[in-house]
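For reference, the structure discussed in these notes is given below.
Number of protein chains: 2
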Amino acid sequence: MESEPTRVMVAVNESSIKGYPHASISSKKAFEWTLKKIVKSNTSGFKLLLLHAQVQDEDGSKEVVLIMNWEPGFDDMDSIYASPDDFRNMRERNKANGLHLLEFFVNKCHEIGVRCEAWIRKGDPTEVICHEVRRVRPDFLVVGSRGLGPFQKVFVGTVSEFCVKHAECPVIIIKRSAEESPQDPADD
Amino acid sequence: MESEPTRVMVAVNESSIKGYPHASISSKKAFEWTLKKIVKSNTSGFKLLLLHAQVQDEDGSKEVVLIMNWEPGFDDMDSIYASPDDFRNMRERNKANGLHLLEFFVNKCHEIGVRCEAWIRKGDPTEVICHEVRRVRPDFLVVGSRGLGPFQKVFVGTVSEFCVKHAECPVIIIKRSAEESPQDPADD
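Those protein sequences? They're chains A and B, same order as listed. Its first residue numbered 0, the first sequence is counted upward by one per residue in numbering that gives the first Met the number 0. Its first residue numbered 0, the second sequence is counted upward by one per residue in numbering that gives the first Met the number 0.
Structure representation (structure tokens):
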């Protein structure tokens, strides 16, 4: 009954406390949960689509700036693509850091032997995620959440709730556990 | 890296058009989606927990009325448990039909070779599902949805949205596709 691999999009972002290249607690948790509870030993049955939405530059560009692919059987990440315009800006601190953030997740996939594709897109995370879901049509989307109470939500917003309502695919929200939360629960 | 099987709760209900023992379009879809996209060929990596919330009788009883287990290696469902009080009422039409509804799903698990447990609990579906999540602690919950627009939702309510907000585990909502919907989208 094995057919096409299930394509799971995982939205990842940087830590709000430690900054790049560190992943946020909740996106790391969402990624690890996906591997442990869904992929398990069936590494050939899944492909992870790792999307990093990066806060937009002043120029308002929303282009895909970087794509990494990894397929089992290649020694390392086999390709890094970018448009000519993107290459020009590749060394900008922000983008380079976004690259290192994705490398963390791509390397984990590599260790385990699960196919992945990772890319950065600039813009508001809620819009970017919903747009990319429409574009790449994953089987489902995994989003981490800080698991804030209603009072805290008012101030920091919740990307995950927006995705559940608006993304055109099934969405699963993985909340941080209480012991994983930093002192200020709005940090991540 | 294979450890404990992932325990996936799937909430199932009867068709609002055809009635028992037919499953609703959306719960059948949620179940099939889980097998096709998550379990795949890794049948030993998962256990399905099939919960049928049955509209409450006048006596207000909320007891678990019936449990079916199936483990690979047994010729058929290996046990049917019920409390003495429940046995007394077992032949009531409603419960018997609930049993046949669950048998549909248990038999499918049997065919594929994935472990399952199925049970009926009486009460309001939203409360029952959230209560059972607290009690059995699945790794995640799959709920079907009719995918109604905001206007239709006002009249028929949405069990799935309630679960996303209140169930104490990750929840994934599987919507019916447009071509699977009956003429009146509130039917299921």
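Think of the CB as a built atom: it goes at the ideal place given N, C-alpha and C, for glycine as much as any other residue. Predicted model only: the values in this text are computed from it and were never measured.
Of the candidates A:178, A:138, A:102, A:134, A:102 places its Cα closest to the Cα of residue 12 (chain A).
Excluding its 5 nearest sequence neighbours in each direction, residue 4 (chain A) has C-beta neighbours in its own chain below 8 angstroms: 43, 44, 45, 46, 114, listed in chain order. For residue 116 (chain A), the uninterrupted beta strand (DSSP E) run begins and ends at 114 to 121, by DSSP. Rounded to the nearest whole angstrom, the C-alpha separation of residue 143 (chain B) and residue 7 (chain B) is 14 angstroms.
Counting only the Cα atoms, residue 161 (chain A) lies some 16 angstroms from residue 148 (chain B).
Less than 9 angstroms divides the Cβ of residue 128 (chain B) from the Cβ of residue 52 (chain B). For residue 148 (chain B), no Cβ of chain A is located within less than 9 angstroms of the residue's own Cβ. DSSP, read as helix, strand or coil, puts residue 43 (chain B) in helix. A straight-line Cα-Cα distance of about 26 angstroms links residue 27 (chain B) and residue 32 (chain A).
Within the same chain, and ignoring the five residues on either side of residue 112 (chain B) in sequence, the residues whose Cβ sits closer than 6 angstroms to its Cβ are 42, 71. Within the DSSP secondary-structure output, residue 182 (chain B) pairs in no beta bridge.
Put simply, of B:107, B:166, B:108, B:97 the residue whose alpha carbon is nearest the alpha carbon of residue 130 (chain B) is B:166. Secondary structure at residue 157 (chain B): coil, using DSSP grouped into helix, strand and coil. The Cβ-Cβ distance between residue 10 (chain B) and residue 140 (chain B) falls below 9 angstroms. Contact check for residue 14 (chain B) and residue 22 (chain B): beta-carbon distance about 6 angstroms, within the 8 angstroms limit, so the pair qualifies. Close CB contacts of residue 124 (chain B) within its chain, under the 6 angstroms cut and outside five residues either way in sequence, are with 52, 158 (chain order). Ranked by Cα distance from residue 106 (chain A), the options A:169, A:2, A:30 are led by A:30. At a cut-off of 9 angstroms between C-beta atoms, residue 170 (chain B) counts as an interface residue with respect to chain A. Interface residue (Cβ-Cβ distance to chain B less than 9 angstroms): residue 106 (chain A) is not classified as such. Relative to residue 35 (chain A), the option among B:138, B:49, B:25 whose CA is nearest is B:138. In summary, the residues of the segment 26 to 53 of chain B whose CB is separated from some CB of chain A by less than 7 angstroms are 36, 37, 39, 40, 41, 44, in the order they occur in the chain. For residue 2 (chain A), the closest of B:38, B:182, B:98, B:109 by C-alpha to C-alpha distance is B:38.
Contact annotation: in the segment 118 to 145 of chain A, residues whose CB is within less than 7 angstroms of a CB in chain B are 138, 139.
The C-beta of residue 5 (chain A) comes closer than 9 angstroms to at least one C-beta of chain B. Residue state for residue 97 (chain A) is assigned as helix, using DSSP reduced to three classes. In the three-state reduction of the DSSP assignment, residue 10 (chain B) falls in the strand class, which pools E and B. DSSP, read as helix, strand or coil, puts residue 34 (chain A) in helix.
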